[in-house]
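Going by the working numbering, 217 is the number at position 125 of the sequence shown; the sequence numbering is gapless.
Below is one structure; the comments refer to it alone.
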Amino acid sequence: MPLEMLGILKLATQYSIDPVRKVIQRSLFEAWPQTLKDWDDQRDQISRAAIQCTRPGAGGKLHGKYLDEMFPEPAAALHLSVECNIWQIVPCALYQLALIDPQDQWGYADEAHLRAGKRSARWELLDTPVLSRAELGR
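Shown next, in the form of structure tokens:
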């Protein structure tokens, strides 16, 4: 969702269209936990989904979706947060990004990777300072 909303959010920010900005922010805050308990809950949810995706006969999917399709993608969220000054989602997105191997590039993950219940990220969206922070989290 972050990349789809980036253009609208940038315009809403630039032209001070606060109602639109607030709706988008609210959906981002729902996708990215704000408390440690909520972070843990999301991590557990991702772990349970990964286990379900890797069970025999699942083909790497749960309810017809790969793990990457079920949860928000952290690099895009970080990119959006920097572009639009939405810093509240940064800690959780950095945490999630630190759990993803930098070799696992969004859109280039092969079938075996997806069937293994692994996640990928849009690493190309991140600049050096954000990448450095993600590496510190590893």
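Ideal placement from N, C-alpha and C gives every residue a C-beta, glycine not left out.
Predicted model, so just to flag it, every value in this text is computed and none were measured.
(request) Could you check what DSSP says for residue 142 in three-state terms: helix, strand or coil? (result) Translated into positions along the sequence shown, residue 142 becomes position 50. Note: residue 142 maps to helix in three-state DSSP.
(request) Would you check if the segment 206-213 and the segment 134-146 touch, i.e. whether three or more CB-CB distances between them fall below 8 angstroms? (result) yes
(request) Less than 8 angstroms between the CB atoms is what I'm expecting for residue 184 and residue 105, so what's the real figure, rounded? (result) In the sequence shown, the residue the question calls residue 184 occupies position 92. In the sequence shown, the residue the question calls residue 105 occupies position 13. Contact doesn't hold; Cβ gap of about 21 angstroms is too wide.
(request) Could you tell me how far apart the beta carbons of residue 120 and residue 181 are, in whole angstroms, since I believe they sit closer than 8 angstroms? (result) As a first step, residue 120 must be located in the sequence shown, where it is residue number 28. As a first step, residue 181 must be located in the sequence shown, where it is residue number 89. Right, the Cβ-Cβ distance comes to about 6 angstroms (below 8 angstroms), so this counts as a contact.
(request) Have a look at 170, 178, 157 and flag the residue whose alpha-carbon is nearest the alpha-carbon of residue 115. (result) In the sequence shown, the residue the question calls residue 115 occupies position 23. Residue 115 has its Cα closest to that of 178, out of 170, 178, 157.
(message) Could you tell me which whole beta strand (DSSP E) segments of length 3 or greater appear in the segment 138-197?
(response) none
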